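K.L.:
Numbering of the sequence shown is given in our numbering, commencing with residue 2 and proceeding in unit increments.
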Amino acid sequence: MPHLFAGPADLHLHSNHSDGTEPPAEVVRQAHAHGVRTLALTDHDRTTGWAEAGDAAVALGMTFLPGMELSAKHEWRSVHVLGYLFDPDDAALRAETDRIRSDRIGRAERIVRNIGRDYDLVWDDVLEQTASDATVGRPHIADALVARGIVRDRSEAFDGILHPREGYYEPHYAPDPLTAVRLITDAGGVAIIAHPVTSGRDRMMPEPFIERLIAAGLGGFEIDHRENTLQGKRILHGIAAAHDLIVTGSSDYHGSGKPNLPGENTTSEEMVARLIGRATGTTPRFP
Ligand code: AMP
Ligand code: ZN
Ligand code: FE
Ligand code: FE
2 MPHLFAGPAD LHLHSNHSDG TEPPAEVVRQ AHAHGVRTLA LTDHDRTTGW AEAGDAAVAL
62 GMTFLPGMEL SAKHEWRSVH VLGYLFDPDD AALRAETDRI RSDRIGRAER IVRNIGRDYD
122 LVWDDVLEQT ASDATVGRPH IADALVARGI VRDRSEAFDG ILHPREGYYE PHYAPDPLTA
182 VRLITDAGGV AIIAHPVTSG RDRMMPEPFI ERLIAAGLGG FEIDHRENTL QGKRILHGIA
242 AAHDLIVTGS SDYHGSGKPN LPGENTTSEE MVARLIGRAT GTTPRFP
């Protein structure tokens, strides 16, 4: 029987297969350097980083959990659903991620066209900032704005030009959270709502709707995340206790693209064991 837990667990990190700034193996090295010993790679809508990250993790004596952050939408809210240990070849889930990823490209082009009316920015600038076939998002547009000298860093871009209030924003296709939870669960994975209670525009989904997600197979909540509010965390702990759900804590590391550092929040050994025990889609990789 392998050791289920190699040490501190960070279950939410991004590589340049989506909008992180480093290749998967470098993300793993950074996590290890920050004391993380169990990690999940959770690129947006994409699983192609698993092999490289898994190899790097095992070589460093770490436990690797394959994961993904699936884009969803509830009314006007962007909702992110973390999926762990699902079958990456599941046809229904793949069809959905293909659809999201291709719509994200057209959407990013529309945002760049909008920005281009007022600033010196073209689509090629974004392509230069985007690794081959990466899941394209506003962070890549932010990097292009930085390269053009229009803003200093991603945060300044998100607080300004990329914020919906500035009028350049465009939405992209994303499934309903119920669909997202069912797709992950039906693929043998465990669905965890990412940062469910960020302040500002992204308020929490209404509790009756969360109850429906739980009935549809939701596994739990990412509670220890720097963007969750204190009051929101208390509410989530209450719902999680009432339904005996899994609770996680993670960094949402994006390389140099965000201040979040690997291991700044972690998930308990008990919760990692519950995640692994509940999943049937694929297995973790152990050192
Ligand atoms: P999108 O999905 O294309 O709308 O972009 C949202 C992504 O941008 C999320 O995955 C966030 O991690 C990232 N993001 C949001 N706010 C910021 C910020 N202030 N600085 C850097 N990245 C951000
Ligand atoms: Zn991201
Ligand atoms: Fe997210
Ligand atoms: Fe994330």
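Just so you know, even glycine gets a beta-carbon here, dropped at the ideal spot from N, CA and C.
This structure is a prediction, so every number in the text was calculated from the model and none was measured.
(1) Distance, Cα to Cα, T283 vs T48?
(2) Compare the C-alpha of F65 against each of I116, V82 and L86 and name the closest.
(3) Are the beta-carbon atoms of Y169 and I116 separated by less than 7 Å?
(4) With a threshold of 16 other CB atoms inside 10 Å of the CB of D160, please say whether the residue is buried or exposed.
(5) According to DSSP, is S16 part of a helix, a strand, or is it coil?
(6) Does ligand 2 have a heavy atom nearer than 6 Å to the CB of H15?
(7) What residue from D121, D144 and N261 has the CA that sits closest to L128's CA?
(8) Below 8 Å, can you find three or more Cβ-Cβ pairs linking the region 32–40 to the region 76–96?
(9) Per the contact definition of three or more C-beta pairs closer than 8 Å, is the region 10–22 in contact with the region 38–54?
(10) When every heavy atom of ligand 2 is checked, does at least one fall within less than 6 Å of the C-beta of D20?
(11) Rounded to whole angstroms, how far is the Cβ of T43 from the Cβ of M69, which I believe are closer than 8 Å?
(12) Less than 7 Å between the beta carbons of G84 and A192, yes or no?
(13) Residues around ligand 3, please: the ones whose beta-carbon is closer than 5 Å to some heavy atom of it, in chain order.
(14) Confirm, please, whether the CB-CB distance from G233 to M205 is below 7 Å.
(15) Could you check whether the Cβ of E70 sits closer than 6 Å to any heavy atom belonging to ligand 4?
(16) Tell me whether D253, by its Cβ, gets closer than 6 Å to a heavy atom of ligand 4.
(17) Could you give the first and the last residue of the continuous beta strand (DSSP E) run that contains E171?
(18) Quick one: what does DSSP say T136 is sitting in, helix, strand or coil?
(19) Using a 10 Å radius around the Cβ and a threshold of 16 neighbouring Cβ atoms, would you call H141 buried or exposed?
P.N.:
Walking through what the data contain:
(1) Cα-Cα distance, rounded: 12 Å.
(2) Considering only alpha carbons, the answer is L86.
(3) I116 is positioned such that its CB atom lies closer than 7 Å to that of Y169.
(4) By the neighbour-count rule (16 or more Cβ atoms within 10 Å), D160 is not buried but exposed.
(5) The answer is coil: DSSP assigns S16 none of H, G, I, E or B.
(6) Checking every heavy atom of ligand 2 against the Cβ of H15, one is found closer than 6 Å.
(7) In this structure, D144 is the residue among D121, D144 and N261 with its C-alpha nearest to the C-alpha of L128.
(8) With fewer than three CB-CB distances shorter than 8 Å, the region 32–40 does not count as touching the region 76–96.
(9) Because the criterion of three Cβ pairs below 8 Å is met, the region 38–54 and the region 10–22 touch.
(10) Yes, ligand 2 has a heavy atom inside 6 Å of this Cβ.
(11) With a Cβ gap of about 6 Å, T43 and M69 count as contacting.
(12) Cβ atoms of G84 and A192: closer than 7 Å.
(13) Going by the Cβ distance cut-off, the answer is H81 and A195.
(14) In this structure, M205 places its C-beta atom within 7 Å of the C-beta atom of G233.
(15) Shortest gap from the CB of E70 to any heavy atom of ligand 4: under 6 Å.
(16) Indeed, a heavy atom of ligand 4 lies less than 6 Å from the Cβ.
(17) Taken as a continuous stretch (DSSP letters only), E171 belongs to no beta strand (DSSP E), as it is neither H nor E.
(18) The three-state reading of DSSP puts T136 in coil, since its state is none of H, G, I, E or B.
(19) By the neighbour-count definition (other C-beta atoms within 10 Å, threshold 16), H141 is a buried residue.
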